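S.K.:
Protein chains in written order, with the numbering used here: chain F, 50 to 216; chain Y, 969 to 1472; chain U, 543 to 865.
#1: Taking 8 Å as the threshold (C-beta atoms), are residue 818(U) and residue 600(U) in contact?
#2: With 16 other CB atoms within 10 Å as the buried threshold, where does residue 722(U) fall?
#3: If you reduce the DSSP assignment to three classes, tell me which class residue 767(U) lands in.
#4: Given a cut-off of 8 Å on the beta-carbon distance, is the pair residue 1423(Y) and residue 1116(Y) in contact?
#5: Please identify the residue among 570(U), 719(U), 588(U) and 597(U) whose C-alpha is closest to the C-alpha of residue 576(U).
#6: Using 8 Å for Cβ pairs, my map puts residue 769(U) next to residue 748(U). What's the rounded Cβ distance?
#7: Please check if any C-beta of chain U sits within less than 8 Å of the C-beta of residue 1071(Y).
#8: Give, in chain order, every residue of the stretch 587 to 610 of chain U whose Cβ lies closer than 7 Å to some Cβ of chain Y.
#9: Less than 6 Å between C-beta atoms, sequence neighbours within five positions excluded: which residues of the same chain meet that for residue 68(F)?
#10: In three-state terms, what does DSSP make of residue 696(U)?
#11: Secondary structure at residue 1265(Y), three-state DSSP: helix, strand or coil?
#12: Pick helix, strand or coil for residue 1162(Y), following the three-state DSSP scheme.
#13: Kindly say whether residue 576(U), judged by its beta-carbon, lies nearer than 8 Å to any beta-carbon of chain F.
#14: With DSSP as the reference, please indicate the residues paired to residue 579(U) in a beta bridge.
#15: Quick one: any contact between the stretch 95 to 114 of chain F and the stretch 1165 to 1180 of chain Y, if contact means 3 or more CB pairs under 8 Å?
#16: Going along the chain, which residues of its own chain have a beta-carbon closer than 6 Å to the beta-carbon of residue 720(U), five neighbours each way excluded?
#17: Quick check: the Cα distance between residue 1118(Y) and residue 1067(Y), rounded to an integer number of angstroms?
#18: Would you verify that the beta carbon of residue 622(U) is, or is not, closer than 8 Å to some beta carbon of chain Y?
#19: Going by the beta-carbon positions, is the gap between residue 573(U) and residue 607(U) smaller than 8 Å?
#20: Grab the span of the beta strand (DSSP E) containing residue 675(U) for me, first residue to last.
#21: Specify the secondary structure class of residue 1448(Y) as computed by DSSP and reduced to three states.
#22: Note the first and the last residue of the continuous alpha helix (DSSP H) segment covering residue 648(U).
#23: So residue 1275(Y) and residue 1080(Y) are supposed to be a Cβ contact under 8 Å. How far apart are they, rounded?
#24: Using DSSP bridges, identify the partner residues of residue 1082(Y).
#25: Within the 8 Å Cβ cut-off, does residue 1171(Y) reach chain U?
#26: If we count the other Cβ atoms within 10 Å of its Cβ and call it buried at 16 or more, is residue 563(U) buried or exposed?
#27: Skipping 5 residues on each side, what residues in its chain have a beta carbon closer than 6 Å to that of residue 724(U)?
#28: I'd like to know if the stretch 657 to 673 of chain U and the stretch 804 to 817 of chain U are in contact, where contact means that at least 3 CB-CB pairs between them fall below 8 Å.
#29: For the stretch 994 to 1017 of chain Y, enumerate the residues whose C-beta is nearer than 8 Å to any C-beta of chain U, in chain order.
#30: What is the DSSP secondary structure of residue 1169(Y), counted as helix, strand or coil?
#31: Can you tell me whether residue 1393(Y) is buried or exposed, with buried defined as 16 or more other CB within 10 angstroms of its CB?
#32: For the ligand NAD, is there any heavy atom lying closer than 7 Å to the beta carbon of residue 808(U)?
#33: By DSSP's criteria, residue 795(U) is part of a beta bridge. Which residues make up the other side?
#34: Which whole-angstrom value describes the C-beta separation of residue 1054(Y) and residue 1005(Y), a residue pair presumed to lie in contact below a C-beta threshold of 8 Å?
#35: Buried or exposed for residue 750(U), please, with buried defined as at least 16 other CB atoms from any protein chain shown within 10 angstroms of its CB.
#36: Tell me where the beta strand (DSSP E) around residue 1115(Y) begins and ends.
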C-alpha cells in the first residue's frame, strides 16, 4: 500500500502534466477584454490537480493518510486473481462484441461468469445465457429501437431473421 | 378562483379513460426505462414520440409527460439497488441509498425515494399551477453570470461530499472538470484536449461513460474484491406490513429532506441552463448542512435519499415551465417534448397559455395524476426490485456488468466509449483502494460544461471584469453565499492547523 | 456568395420528374435492418426536430420496412457524426441529417481528413433562413436605427449566437463587416439558449432562425429587422433583406439528408425515393410553411454541385472570419 500510494500519486501527477501540456495548445492566459483563453480552464485545473498530487506525496512522506501507513499489499493474491478473472472477463466481453455481436458476447460472458466464477449448475448458467440475450434483444431492438452492434458479417443471416420477426 | 377552475377541468381531462390509460402505460414504461442504467427519460420520450401520432395532441403530451415522470422515479431504483446512477440527476441518491441497501434496508430506501419523489412532484405542481407566468420572468432574469453563480453554489456543496482526505477530494473535482472540458471549446470553437490526438475524443466524454465506469464497473469490482464474491443477501422478504413500517419510518426521517429538496429542486429546475442535477446535489448539501446529525449522511439516512429524490422530481416539473411558457427546453427530454409539440402543430412559447388553454391545463392536470400514478406503480413494483436483490451475488454481479455494458452502449452508440468506460472502471477500482473519493468527479463532469461557458460568457459581457459576479442584483448574493460556503471549511482548517502549531 | 432559390412550381415539377424514373428500379433494394439515422446535432436543436419530424412522417405513413432510428451525434460541431459516417461498416443503412457544419467542420478541422464530396447525396429538404432580431424594449424599429445604435455604443453592443465559426457567427461577421459595425459577440451552445437570453435582455440582438424566435415574435417580444434571405419572407413581409440594402449576400442553414460514403447505387436510389415521398407529403410541406423554411429541391447531381459551391463559399467566409 505504501509504495502503491506514492506510485499512484506519481502516475496521476504525470497525467496532470500531460493534461496541462495538452491544454496549452490553446491560450491559457487572461486575455484583456475577453477573459480567460480557451485552454485556461483545463490548464489551471490540471495545475491544481498537480498541486494536489504534491500534497498527497507530502502526506505520504509525513505518513498521515491511511494508505501511506498501511503495510498490507495493494491487492492480495486472491484480489489480483479476482481482478484478472472478472476484469479480464469484461474486457473479453467487450472485445467479443465486435466479433459475435452484442447479444452473442453477453451470452458468453454470462455463461462464463455464472459457470466458472459463480460455480452454478450447468442448467442455470445455460438458461441465463439464453434468456438474458433474448429478453434484452426484444427490449432494446423491439421496444426501444436501439440497434446494438451485430459483430462481423457472418452473423447477418441470424439478425436478418430476427429483424424480420420484430418489425 | 380561475386557476382552480382551469385546473379541475384539466384534471378531468387527464382522468378521461384514454388519457388515464396513457398515463398508466407511460408511467410503467418510464419506470423501467429509468431503472435501466444508461437509459433515461430522453430515450423513452424520443422513441415513443412517433407513436403519439395515433392519439390527439393532448393525449400525446400527457403520455410523454407520464414517461418523463416514471423515468424520474425509476432513476432512484437503479441508484439504490444496483448502485449505478442511471442519470446524472440520481448521483446524489446513491450517497445514502446505496449504504441503506447494503445494510439490508433497500426497501426503506426505495419507499423513501418513492414518497419523496411524490412530495417533490406535488409541491412543484402546486408552485407551477400558481406561479407559472411569474416564474417564467424569473427564469429569464438568469443570464450567464447568474447561472455561473449558481454553479459556484453547487460546487460549494461539494465541499462536504468528499472523504477526509482533502487533496484527494480536490483532485477528484478537478479531474471531473478537466475531463468535462475535453472536446470542443464552445467559445473559440477550437478543438481542445484531444488526448493522444485520437479523433474520438473530439466529441468529449459524456457523463454516463464516467458514471457507469465508476459505479457499474469500478464499484462492482471493489465489492467483489472486498467480499471475495460472496455478498450476503440480507434483504428481508417484502411484506405489506414491512412496507407500511418503512413508509412510516421514511415519513418520520425523510420529511425534512423532502421539503428542502422540493423547493430547491423546483427553483433550480425552472432555470433552463441549470437543470435537475445541480438541484438534487444542492438539496443533498443543504439537507446535510441544516441537519442536526450531519455525520449520518453518507452512511445511510433516509433524509439523504429524500432530499435529492424530491429535488430531481420537482426539477423535472420545473423544467417544463420554461418549455411551455418560453418555448425553451430546460433539459434534453423537454427539448424532445418541445419538438413533439411543433410536430403536433402547437407553438410553445409566451402565447401558449392564452391560446391553447385546454392543452396546457390538460397537461398540468396530468402532472398531478401522473405523479400519483407513479407513486402507486412504483410502490407496487418495489417487492420485485427487492426480490432481485435477493438473488445470489454471483448471478446479480454478471447481470449488473451486462446491464452496464449494454446500457453504456445504448447511451453512447460507440465502441470507443465502451473501452473508455472499462478503463475508467479499472482506474476507479485502484483509486478507490487508495481512498480517492470519486463521486465529486462524476458530478463535476456534469457541472463543468455548464460552469465554464457561463463564466467566460459573463467575462465577455463585462469585457473581462470579474466584478460582474458581484454587482448584478441576483448574481451578487448567490456568489457571496457560495464563496462563504467554500471558504468556511478552509478557514476552519487553517485555524485548526494554526492552533496545532503552537501546541507542537 | 449566393444561394439560389427556385420557384415553388418549378420545384414541384422537377421533383415529380426526378422521382418518376426512380420508382421504377427502387423496389430492387430494401433495407434489411434498422436504418441508422444520424443527426449532426444534440437532442432538441433544429436539426434534431427535423429528423424526428421526418421519422414520424415515415412511421405514420409506413414508408420503410425497417425503422429509421435517430442517433444524435452532435459532438465536436458535428465532427462526431462525420467520423461515424466515414467509418461505418454498413454504408447502405446509414444516413445523416445535416446542417451547415457539414461544410464548415471539415474545413475547420482539416486533420480529420473528411472529404464531404465522397458522401452520397440523398435529399435537400429545405433551407432555413436567418433573421436579425432585437428586443422590443430597445425601441429600435428599423435597420438604420439599429446601425446607428450599435455605432454609438462603440463596441459595447452585445450580440449572441451559436459557437464561434458556426452559422450565426458567420452571419454576424458578414453583417458587421458590411455595415462597419463593432459588436461584442457572445457564443452560446444552441439557438434556444440564444433566444432565451435575448428575451431576458441579457444580450441585445441575435440572428436566430425564424423557428427559434417564432414564439417570442408572436408574443410581441422580438422585432425582426433584417432578413438574410434572397427575397422577402412570406411570414415577415415588412422586413427588408440585406440584398435590398445593397449587399450581395444571403445565408441559409441547409436541412439536407445525405448517405454515408460508399453507399451502393441501389440503396441511394431507395433513400432518394423515400425522401422524395416524405418531401412531397402534406406534413412536410406544412412544416416548411409553419417554420418559415424555404424549399430548395435538388436532384443528386445538383446537390453535389451545390456542396462544391458551398464548400468554396464557406472557405472564403471562414477565411474572412479569421478561422
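All residues carry an ideal CB built from backbone N, CA and C; glycine is no exception.
None of the values given here were measured: they were computed from a predicted structure.
M.R.: According to the structure data:
#1: no
#2: exposed
#3: strand
#4: yes
#5: 597(U)
#6: No, residue 769(U) and residue 748(U) are not in contact; Cβ-Cβ is about 14 Å, not under 8 Å.
#7: no
#8: 590, 591, 594, 595, 597, 598, 601 and 602
#9: 95
#10: coil
#11: coil
#12: coil
#13: yes
#14: 612(U) and 637(U)
#15: no
#16: 789
#17: 29 Å
#18: yes
#19: yes
#20: 673 to 677
#21: helix
#22: 643 to 650
#23: Contact flag wrong, Cβ pair sits at about 10 Å.
#24: Answer is none; residue 1082(Y) lacks a bridge partner.
#25: yes
#26: Any reading at residue 563(U) is ruled out, since the residue's pLDDT is 42, under 50, leaving its predicted position unreliable.
#27: 697
#28: yes
#29: 1010, 1014 and 1017
#30: helix
#31: buried
#32: As for the ligand NAD, it is missing from this structure, which has no ligand bound.
#33: 670(U)
#34: 5 Å
#35: buried
#36: Note, residue 1115(Y): premise wrong, no beta strand (DSSP E); alpha helix (DSSP H) at 1112 to 1126.
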